[in-house]
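Residue numbers (numbering that gives the first Met the number 0): 0 to 291.
Quick reminder that beta carbons are idealized off the backbone N, C-alpha and C, glycines included.
Please read all numbers here as calculations on a predicted model, not as lab measurements.
Here is the structure we will look at, set down as structure tokens.
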Amino acid sequence: MVDFFLSYLKNEKRLSAYTLKAYATDIKQFESFVLSFHENLYLEKASYQDIRAWIISLSDQKIDNKSINRKIATLRTFYKLLIQKGKISVDPTFGIKSLKKAKKLPVYVEETPMENLFDMVEYPNGYVGLRDRLILELLYSTGVRLSELINLKTLDVDFSGKQMKVLGKRNKYRIIPVIDQLIVLFKKYQQEVVSQFGQTSEFFILSDSGKKLYPVFVQRKVKHYLSQVTTISKKSPHILRHTFATHLLNRGAELNSIKELLGHASLAATQIYTHNTISQLKEIHKKSHPKA
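Here you go:
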């Protein structure tokens, strides 16, 4: 039945060679596991208990839940086909639940490297250096998404009110306060834009040629400058968004306030940052408490 199953996936489902290989590996691993306990037992006769035992065995081998869930999905597809073809009457995967995926904590830059990014890194002279610094300052000081930064319009920046309006997900606008230091940088940059291109533009932050920014341009800039102050593996605009939220939380900001600043639809999306704060508290406790 294994060969029939793989033939079905290839010819009727038209799965890619890579996906087909993954299915083949999963079903053959399960077959080997079952035969190690039940000699000459066909997969059609495998039971719910056999599948449960396999999942426990995989977990004991420290295989991550994401991979185990893929293997469970392979078995569901296999036994669903056997039901359709009348080979079995009871699906042994019925009642088998996928394992919970471990939540990945947001990666962020520590405060000292962020201070070095603005105090020690050398930026080019003139328009390019001022613009590059503004991109980094804006991402870190406001927590805006990459798309929000790119689409920020000149008219949406309120210098006197010290705030800016950004268009976020679900086409919802939100108002973000802007610190004095960033307002000063905004004004310097706008003067440099007029000097460089003769006038201001519809979009606030521009490319080297005075055009609207595009994602890869910003991603390259962020990676270039972050590489000078941190060794974290991922260096992207979204990392600066994580850094913004984590630093605020570490310094006592309320979760609800951070939610509004980030433009999250629910508090659940913001709560993941509390895990970083708890990890930091545990580390402080470990280093500081006499009994730790």
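If we ignore side chains and look at the alpha-carbon of each, how far apart do residue i and residue j end up?
{"i": "L154", "j": "L166", "result": "13 Å"}
{"i": "S232", "j": "Q270", "result": "23 Å"}
{"i": "K187", "j": "Q162", "result": "16 Å"}
{"i": "V156", "j": "K164", "result": "7 Å"}
{"i": "L225", "j": "R219", "result": "10 Å"}
{"i": "N68", "j": "K100", "result": "9 Å"}
{"i": "V217", "j": "N64", "result": "34 Å"}
{"i": "S206", "j": "P236", "result": "16 Å"}
{"i": "S256", "j": "G160", "result": "19 Å"}
{"i": "I95", "j": "L14", "result": "24 Å"}
{"i": "A52", "j": "K103", "result": "27 Å"}
{"i": "V193", "j": "A21", "result": "57 Å"}
{"i": "Y198", "j": "R130", "result": "The question names Tyr, but residue 198 is Gln in the sequence shown. Taking the straight line from one Cα to the other gives about 16 Å."}
{"i": "K234", "j": "H223", "result": "9 Å"}
Is it right to say residue i is buried, meaning 16 or more other beta carbons lie within 10 angstroms of its own, or is it exposed?
{"i": "R132", "result": "buried"}
{"i": "A244", "result": "buried"}
{"i": "D25", "result": "buried"}
{"i": "G262", "result": "buried"}
{"i": "F185", "result": "buried"}
{"i": "V33", "result": "buried"}
{"i": "Y107", "result": "buried"}
{"i": "K27", "result": "exposed"}
{"i": "I54", "result": "buried"}
{"i": "R169", "result": "exposed"}
{"i": "L266", "result": "exposed"}
Where do the ends of the alpha helix (DSSP H) carrying residue i lie?
{"i": "R130", "result": "125 to 141"}
{"i": "P91", "result": "It is not in any alpha helix (DSSP H) - P91 carries neither H nor E in the DSSP assignment."}
{"i": "M163", "result": "No alpha helix (DSSP H) holds M163; the beta strand (DSSP E) holding it covers 162 to 166."}
{"i": "R176", "result": "Note that residue 176 is Pro in the sequence shown, not Arg. No alpha helix (DSSP H) holds P176; the beta strand (DSSP E) holding it covers 172 to 176."}
{"i": "N39", "result": "Neither: N39 is in no alpha helix (DSSP H) and is coded neither H nor E."}
{"i": "E191", "result": "179 to 196"}
{"i": "T76", "result": "64 to 83"}
{"i": "D2", "result": "1 to 10"}
{"i": "A268", "result": "266 to 269"}
{"i": "K258", "result": "254 to 261"}
Are the CB atoms of residue i and residue j nearer to each other than 9 Å?
{"i": "M113", "j": "T242", "result": "yes"}
{"i": "E121", "j": "H246", "result": "no"}
{"i": "F77", "j": "F4", "result": "yes"}
{"i": "Q195", "j": "Y272", "result": "no"}
{"i": "K70", "j": "F29", "result": "yes"}
{"i": "L116", "j": "Q227", "result": "yes"}
{"i": "V1", "j": "L42", "result": "yes"}
{"i": "P91", "j": "S58", "result": "no"}
Between which two residues does the beta strand (DSSP E) carrying residue i extend?
{"i": "Q227", "result": "That residue, Q227, is in no beta strand (DSSP E); it is neither H nor E in DSSP."}
{"i": "Y47", "result": "Per DSSP, Y47 belongs to no beta strand (DSSP E); it is in the alpha helix (DSSP H), 47 to 59."}
Taking 7 Å as the limit between beta carbons, can you name the residues of its chain near residue i, skipping five residues before and five after?
{"i": "Y17", "result": "none"}
Among residues of its own chain, excluding the 5 on either side of residue i, which ones have a beta-carbon nearer than 6 Å to its beta-carbon?
{"i": "K211", "result": "F202"}
{"i": "T141", "result": "I175"}
Beta-carbon within less than 8 Å of residue i's beta-carbon, same chain only, minus the 5 sequence neighbours each way: which residues are those?
{"i": "Y213", "result": "I149, S206"}
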